Each structure stands twice: as structure tokens, then as C-alpha cells.
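Residue numbers (our numbering): 1 to 185.
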Amino acid sequence: MPSKLSLISDDYGRAGRLGPVHVVVAPEHAPPFPVDAFAVEEDTHLLLSSDGAIEEPDENFEELIADAGDIPANTPGSVLVRKTKPLQFLAIVHDIDCQPTWREEWIASAINGVVEEAEWRRLASLGLPLIGTRHGKVETRRVALWIGRCLSRTSFRYLKRVWIIAPEGSETGLMWALRSEFAGK
Numbered sequence: 001m002p003s004k005l006s007l008i009s010d011d012y013g014r015a016g017r018l019g020p021v022h023v024v025v026a027p028e029h030a031p032p033f034p035v036d037a038f039a040v041e042e043d044t045h046l047l048l049s050s051d052g053a054i055e056e057p058d059e060n061f062e063e064l065i066a067d068a069g070d071i072p073a074n075t076p077g078s079v080l081v082r083k084t085k086p087l088q089f090l091a092i093v094h095d096i097d098c099q100p101t102w103r104e105e106w107i108a109s110a111i112n113g114v115v116e117e118a119e120w121r122r123l124a125s126l127g128l129p130l131i132g133t134r135h136g137k138v139e140t141r142r143v144a145l146w147i148g149r150c151l152s153r154t155s156f157r158y159l160k161r162v163w164i165i166a167p168e169g170s171e172t173g174l175m176w177a178l179r180s181e182f183a184g185k
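Right, here's the structure in full:
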């Protein structure tokens, strides 16, 4: 049975509890707590999170082209883990060979995968941006509701805090949208 979202008074209406999980909507520059992992919006070829550094290759051009064709693309909707500190959960929600590059089902699947991965790894806290809105044209409110649905349907044992990373100025509105969607459930 889905959990209810109850609002916690934080003077701004940006925090709530969804079952056992404390949920805070805050901008990237104002983390409400340290996190064990961040989700990162990514594409099937991992181009979006690359550092952009270009190194001189050891192979010749023909070898590079042949090798590039052998590298399989990652599955849209899946999640990969980059072992950094904090961990990075690469949410594969874009395929640059498609137009548009994203699909709603890929985003929803990746959100579920990120939360499942955090729980499987026994993490206590997670930073979850509005996946699909940075490099795609998905409405922020829709993604926040997908996150809320995922959180309301998950049985948590380890995850205690989720920071929904939202554009500055949208925090209170998104939390109220979540509250109105999940208050009666």
C-alpha cells in the first residue's frame, strides 16, 4: 500500500515524510544533508557525464572507429554505478540516436532503479535530481510526481533521507504538488 506524504514544518514547506523516509526538496547549491550517493542524468553512451577531456589515442583512426562499433550501448531506463565518493548512480534516460532523446518510461524506470540500488547497497541518504529535466524537456512537476510514486511504493529498510534536487525557487511548489498527490494515500 502506498505511503502518505506528511508535511514537516521547515519554515519553507520543502520537507516531508513519505513512510519512513524524510524527503527534502532543495536546490543543488543548498544540500539539506550529506548524501551517500547522487543520481546523474545520463545517455546510453555515457557522453553526458564525461569530463570532456580529450587525450591523444594510442591507436590509429581506423582502429578507433572499429573499436567504437564494438562497444554496446547501455539500456535506456537502466542504472549504472560509478564508484566515487559519494557514489554516482548513472540514470540512463537519453538515447542520442532517438528523437526526442528521452522517454517517460525510461525516466520512471531509472528513478525506480536508483532507489532500488540505494536500498540494495544499504545507503541511508540519496540525492535525486529531477532526472530528465537537465538534458530533456520533461516538466519538473511530472518528474517530482514519478519520484513520489516510486518512494510511496517502496518498502524501505535502509534509506532514511532523500534530497530531491530541484531548480531554485521551485522547491515549495514541488513539495506541495507531492503533498497534494500523496496526502490521501
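Quick reminder that beta carbons are idealized off the backbone N, C-alpha and C, glycines included.
All values derive from a computational prediction rather than experimental measurement.
Do residue i and residue j have their C-beta atoms closer together than 8 Å?
{"i": "GLU41", "j": "ILE131", "result": "yes"}
{"i": "ALA37", "j": "ALA118", "result": "yes"}
{"i": "VAL93", "j": "LEU87", "result": "no"}
{"i": "GLY16", "j": "LEU178", "result": "yes"}
{"i": "VAL115", "j": "THR84", "result": "no"}
{"i": "GLY136", "j": "TRP102", "result": "yes"}
Between the options, which has its C-alpha nearest residue i's C-alpha?
{"i": "ARG122", "options": "LEU174, ARG161 and GLY148", "result": "ARG161"}
{"i": "SER152", "options": "CYS98, PRO72, ASN112 and ARG134", "result": "ASN112"}
{"i": "GLU104", "options": "VAL138, LYS85 and HIS45", "result": "VAL138"}
{"i": "ALA30", "options": "SER180, ALA166 and TRP146", "result": "ALA166"}
{"i": "GLU171", "options": "THR154, SER155, LEU159 and ARG141", "result": "ARG141"}
{"i": "PRO100", "options": "PHE182, GLU181 and THR133", "result": "THR133"}
{"i": "TRP146", "options": "GLU168, PHE182 and ASP43", "result": "PHE182"}
{"i": "ASP97", "options": "PHE89, ALA108, VAL79 and THR44", "result": "THR44"}
Just to check my reading of the structure: residue i and residue j have Cβ atoms closer than 8 Å, yes? What is that Cβ distance to the nearest angstrom?
{"i": "VAL35", "j": "TRP163", "result": "6 Å"}
{"i": "LEU46", "j": "ASN74", "result": "7 Å"}
{"i": "GLY77", "j": "TRP106", "result": "4 Å"}
{"i": "ALA124", "j": "ALA91", "result": "With a Cβ gap of about 20 Å, ALA124 and ALA91 do not count as contacting."}
Within its chain, find whatever has a CB closer than 6 Å to the CB of residue i; leave out the 5 residues flanking it on each side and keep chain order.
{"i": "LEU174", "result": "VAL25, ALA144 and ALA166"}
{"i": "CYS150", "result": "ILE111, ASN112 and VAL115"}
{"i": "SER9", "result": "At SER9, the pLDDT of 49 sits below 50, so the modelled position is not reliable; the number obtained from the coordinates is stated separately. Taken in chain order, the list of residues that qualify is empty."}
{"i": "GLU168", "result": "PRO27"}
Tell me which residues share the same chain as residue i and place their Cβ nearer than 8 Å to its Cβ, disregarding the 5 neighbours each side in the sequence.
{"i": "PRO72", "result": "none"}
{"i": "PHE33", "result": "VAL24, SER125, ARG161 and TRP163"}
{"i": "PHE156", "result": "GLY19, PRO20, VAL21 and GLU119"}
{"i": "LEU159", "result": "VAL21, VAL115, ALA118, GLU119, LEU123, ALA124, SER125 and LEU126"}
Considering only residues of the same chain and omitting the five flanking positions on each side of residue i, which have a CB-CB separation below 7 Å?
{"i": "ARG14", "result": "VAL24, VAL25, ALA26, GLU171, THR172 and MET175"}
{"i": "ALA108", "result": "TRP146"}
{"i": "SER180", "result": "none"}
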